[in-house]
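Take a look at the structure set out below.
There are 2 protein chains.
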Amino acid sequence: MSTRVFVGAPADPAHVGLDAAESHYLRRVRRVGDGARIEAIDDHGGLWLAEVVGGDARVTTVKLLEQRTVPAPAREIVVLLGMPEPAAVLDVLPALCEIGVAEVVLVRCARSQGAAPGGERIARVLRAAQRQCGRPRAPAISGPVDLREATTRRTDLPGLFAWEELRATSSDVPAAAAGARVCVGPEGGFTPEEAALLRAAGFRALGLGPYTLRTETAALVAVARVMFA
Amino acid sequence: MSTRVFVGAPADPAHVGLDAAESHYLRRVRRVGDGARIEAIDDHGGLWLAEVVGGDARVTTVKLLEQRTVPAPAREIVVLLGMPEPAAVLDVLPALCEIGVAEVVLVRCARSQGAAPGGERIARVLRAAQRQCGRPRAPAISGPVDLREATTRRTDLPGLFAWEELRATSSDVPAAAAGARVCVGPEGGFTPEEAALLRAAGFRALGLGPYTLRTETAALVAVARVMFA
C-alpha cells in the first residue's frame, strides 16, 4: 500500500517541506524512513512520485520526482444525496470519493434526520479517503439544499433516482452517456411527493433489488450501477 | 419504514408469542402498540404481514395474517471475501445481505489481518440487517478457508475477482449468467501469486475504477456490477 502525503502548492519540487500534521503522519503513523518512495498530492489535483529526503516527525522534506498520470473514472457522476443522519453522511462520502464520484450535493429531504455534518469534518474524512485511495482531487461537496433546488443542478446530465418501490431490476441505465446525476433518498426513502417531483424534473427511477437498502448502501450500489453500465 | 420481528417456527399462526428480545425491540425500541401492522420473519425464510395482538415489553403476542412474496435478487452471487480486519468484515456483511448476496465465504489471504469475527457477532449483525432490509433469509456464511480451498467452492458459477491493477473499466462481466462468484481481496489487495492462483482457477479480473478501494467498498461495488450487469 502506497503512503501518500499532502504537499500544498510547493515553490520548488526538489525541496518540499511537509507541515507538522503530514510529517507526523509520515514518520509516526506510517513509520517511513529517509530514502523511501512515497506519493504526494498537491493542491492542484496533481499526484507525484516523491522521495523522503530528511527531517523528523515535526518537519520532513520530500522531493517530487515526477508527476503521475491518474486515469479518470469511467463517467462523471454527480450524486444528489438525501441526507441520512450525519454519521451516515460521513460514512458514505469516503466510499463515494473512492469510487470516483465527481460531485456530491447534500439534499434535505422530507425524511432527512439531523443537520449536515460540518465542513471541517467533511474535509477530514475526504482527506483520509484521498490518502487511502490515491485520488488526487476530492469530490466537490455542496449543500445542503432542498430537493427542488437540487434538481436544477447539472441538468446537462441525465438523472436517475433510487426508488425502493421499484423492486425489480431496472436495466434502464443511460449506458451511453458520459455521466449522470444519481439521486438517493434518506433513511425511510423518498415520499411519494418527492418521487413525483423527481419524475417531473426528468429523473428516471432505478431499482436496486428486492430489499430495502440503507442510504449508504443505496448510494454506492446506485453509483456502481451507473458508473459501470 | 416497516417494523420487523423474528418469530421462530410458530405452531399456531394466530397466536405467536415473541421472546423477550423481540418483545423488547417491538415495544421499547420501536414503540409499537396493539393493533399495529408489522412484518414477521420465520425460521424457514418466510416473511409475513402480522398484527400486534397484546402483551408488553417482556412478552408480546402477534398474529400472522398472510405470507408475503419477496422477489428474488437478480442473480445468485457468492462472495469470496478476502478478510480485512474483523470490524471491516462486520461492516460489509450487512451491506452484502441488503444487496441480496446468496452466500459469503470468508477467505484468509496473504494480507488478511486478524481472525474472523465470532459466529455470534456475525449472526447479530446479519439479524439487524434482515430487520432493516426485509430479507427473510440471511446469506449463508462459511469459512474462514484459504484461497485455494475457496476457489473449489461453487464451481458451477463463473468467477470474477477484483483486481486493482486493472485500472480501466472492464466490461467483461458475464451478464447472461444466472449467477457468479465474486472474489475480493483484503486491505492491500491480492499478492501477484494469489492473482495467478485465481486466474489458474478460471477467475477473470474485474476492474473497479482508477482508485484503490477499501475491501468494504470493493465488495459492494463488485457485487453491484455483477448483480445488475
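Residue numbers (our numbering), protein chains in the order written: chain X, 1 to 229; chain B, 230 to 458. Built from N, CA and C at the ideal position, the CB exists for glycine as well.
Query	Result
Expected contact under 8 Å - CB spacing of X/V223 and X/L96 to nearest Å	7 Å
Beta carbon proximity, X/E98 to chain B, threshold 7 Å	yes
Interface partners of X/Y211 on chain B, CB under 7 Å	E327, G329, C362, G363 and R364
Listed by chain order, chain B residues near X/L220 by CB distance under 9 Å	A324, T446, L449, V450 and A453
Beta carbon proximity, X/P186 to chain B, threshold 7 Å	no
Beta carbon proximity, X/F6 to chain B, threshold 7 Å	no
Boundaries (first-last residue) of the alpha helix (DSSP H) holding B/A250	A249 to H253
is_contact[X/F228, chain B] using C-beta, thresh 7 Å	yes
Unbroken beta strand (DSSP E) run spanning X/T217, endpoints	Careful: X/T217 lies outside any beta strand (DSSP E), inside the alpha helix (DSSP H) at T215 to M227.
B/V374 at chain X interface by Cβ criterion, 7 Å	no
Contact check, B/A391 vs B/V413, beta carbons under 7 Å	yes
Spatial neighbours of X/G114 in its chain, beta-carbon cut-off 7 Å, leaving aside the 5 residues before and after	E85 and P86
According to DSSP, residues forming a beta bridge with B/V354	None; B/V354 has no bridge partner.
Residue nearest to X/S112 in terms of C-alpha spacing, selected from X/R153, X/P136, X/P186 and X/D156	X/P186
Contacts around B/P365, its chain only, beta-carbon distance under 8 Å, and the 5 residues preceding and following it disregarded	I270, D271, G274, G275, L276, V299 and Q359
Pair within 7 Å by beta-carbon distance, X/R30 and X/T3	yes
Contact test: B/A425 Cβ vs the ligand GDP heavy atom, cutoff 6 Å	With respect to small molecules bound, the structure shown includes none, and the ligand GDP cannot be examined in it.
Residue closest to X/R75, alpha-carbon to alpha-carbon, out of X/A177, X/G209 and X/L206	X/A177
X/E194 - containing alpha helix (DSSP H), residue span	P192 to A200
Euclidean distance between Cα positions of X/G54 and X/P13	15 Å
Outcome for X/T155 when other beta-carbon atoms lying within 10 angstroms are tallied against a minimum of 16	exposed
Pair within 7 Å by beta-carbon distance, B/V291 and B/V245	yes
Listed by chain order, chain X residues near B/V203 by CB distance under 7 Å	In this structure chain B extends from 230 to 458, so residue 203 of chain B is not present and cannot be described.
Alpha carbon of X/P192 to alpha carbon of X/R199, nearest angstrom	11 Å
For B/A317, the first and last residue of its enclosing alpha helix (DSSP H)	P315 to I328
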